[in-house]
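Below: one structure, written as structure tokens.
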Amino acid sequence: MGWGLQMLFLPKRLRVLALVLLSLTFVWAWHNVAKASCVTGSSVIKTDDNEEVEEATDEQIEEGQKKAIAAAWERYIRSLDGDHLKAYMEKKGQILGNLGFYVSNLKKEASRDFSESDQVLKSSVCLNIDKARISSVLKVEKKPKAIESGTGSLFMALFVARQAETAEAFKAIVKKNKSSSSKSKAKEMARASGGKALSYTSQKSKSSSQSGGSTIRKSDDIKYKIISGADFNTAVTGPLIAAGYEPVEYSDLLGEEECGRLPSVTMVSQTFKTKNTMA
């Protein structure tokens, strides 16, 4: 018979007492969980070197609390991963300027222990840091989950490492065109009117010029030599794997039925010595 069924047969007073004890157990457990989720920090301050005092001053208590909070916060920051730490350093001023928004019990007094014999004040805090609010301001995008080999989509990109071996440049062929034309027209008229002779001359002229030309340049003839792609593979393979892809050597694909008929490694090398694309 289970404990719950056994409780049904207890006297009423005992049942009430059992429920109270059960509730207190849950409260105690919740308190421990909440306490465990906070981040602890502590500080030690020497109160006086010259004479003994019975208690720390208000200034020393305040200093001890600030140092304990700083220690707890530093401990939390050290727990961040690389991406979150980088984002925090960019937003550090904004977060520290409004720390109470991210730490619910920032104003709570620290636990203090003053040793009169050692003249030392020990302060400790346990900060309840709202990690959801921290994440919302840091805005770090989650990396995609790695795709297991053989389960992702397929795509092909052929990378050929090469460097220029010879280069031949050709001079440009320049052709210039220029033409001009002009027109003029003159007219003289005389007219007698009222015993007076009037005459006038009018002249119109028009000219235009036009120039132009063309330049023909033959592309430089560059020949390449194929080099080792080890350095390139090192730089590219890591990001591809992180994105869920599985890089494969070109030679390993030759003869695979799903890849169809592929040109040989030698043919690819010869092609890219003088061209930028496969024919």
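If you count the sequence shown from 1, you need to add 93 to reach the numbering used here. A virtual CB, placed ideally from N, CA and C, is assigned to each residue, including glycine.
Cutoff 6 Å; reference G193; Cβ partners in own chain excluding five residues on either side: As a working mapping, residue 193 is identified with position 100 in the sequence shown. Excluding sequence positions up to five before and after G193, its CB lies within less than 6 Å of the CB of L199, all in the same chain and listed in chain order.
Inter-residue CB distance, P340 and L347 (contact presumed, cutoff 8 Å): Indexing the sequence shown from 1 puts residue 340 at position 247. Indexing the sequence shown from 1 puts residue 347 at position 254. Their Cβ separation, rounded to whole angstroms, is 16 Å, which puts P340 and L347 out of contact at 8 Å.
For T385, count neighbouring Cβ atoms within 10 angstroms of its own Cβ and tell me buried if that reaches 16, exposed if not. Residue 385 is absent from the structure shown; the chain starts at 94 and stops at 372.
I'd like the list of long-range same chain contacts for S135, defined as Cβ closer than 7 Å, with 5 residues on each side in sequence excluded. For this step, residue 135 is matched to residue 42 along the sequence shown. Closer than 7 Å at the Cβ level, and outside the excluded window around S135, lie A161, A164, K215, S216 and S217.
Going by alpha carbons, who is nearest to S130 out of V137, I170, N221 and S362? Start at 1 with the first residue of the sequence shown, and residue 130 comes out as number 37. The shortest Cα separation from S130 among V137, I170, N221 and S362 belongs to N221.
Do Q212 and T150 have their CB atoms nearer than 7 Å? Working through the sequence shown from its first residue, we reach residue 212 at position 119. Working through the sequence shown from its first residue, we reach residue 150 at position 57. Taking 7 Å as the Cβ cut-off, Q212 and T150 do not qualify as a contacting pair.
Kindly list the residues whose CB is nearer than 7 Å to the CB of K184, restricted to its own chain and excluding five residues on each side of it in sequence; keep chain order. For this step, residue 184 is matched to residue 91 along the sequence shown. Around K184: V230 and L231.
Considering only DSSP beta bridges, list what C219 is partnered with. Translated into the one-based positions of the sequence shown, residue 219 becomes position 126. DSSP output for C219 lists T133 as bridge partner(s).
Is DSSP giving S208 helix, strand or coil here? Numbered from its first residue, the sequence shown carries residue 208 at position 115. DSSP places S208 in strand when its eight states are reduced to three.
Return yes when the Cβ of R226 is within less than 7 Å of the Cβ of Y195, no when it is not. The count along the sequence shown starts at 1 and reaches residue 195 at position 102. The count along the sequence shown starts at 1 and reaches residue 226 at position 133. Taking 7 Å as the Cβ cut-off, Y195 and R226 qualify as a contacting pair.
At what residues does the alpha helix (DSSP H) containing E167 begin and finish? For the purposes of this step, residue 167 is taken as the residue at position 74 of the sequence shown. Residues D151 to R171.
Just the Cα atoms here: how many angstroms apart are K159 and G186? Mapped onto the sequence shown, residue 159 falls at position 66. Mapped onto the sequence shown, residue 186 falls at position 93. Separation of K159 and G186 (C-alpha to C-alpha, rounded to the nearest whole angstrom) is 17 Å.
Just checking: is the beta-carbon of K185 within a distance shorter than 7 Å of some beta-carbon in chain C? Looking for chain C here will not work: only one protein chain is present.
For Q363, count the other beta carbons within 10 Å of its own beta carbon; 16 or more makes it buried, fewer makes it exposed. Which is it? One-based indexing of the sequence shown puts residue 363 at position 270. Answer is exposed; the Cβ neighbour count stays below 16.
Nearest to D223 by CA position, among G337, I188 and S357, is which residue? For the purposes of this step, residue 223 is identified with residue 130 of the sequence shown, where counting begins at 1. Of the listed residues, the one whose Cα sits closest to D223 is I188.
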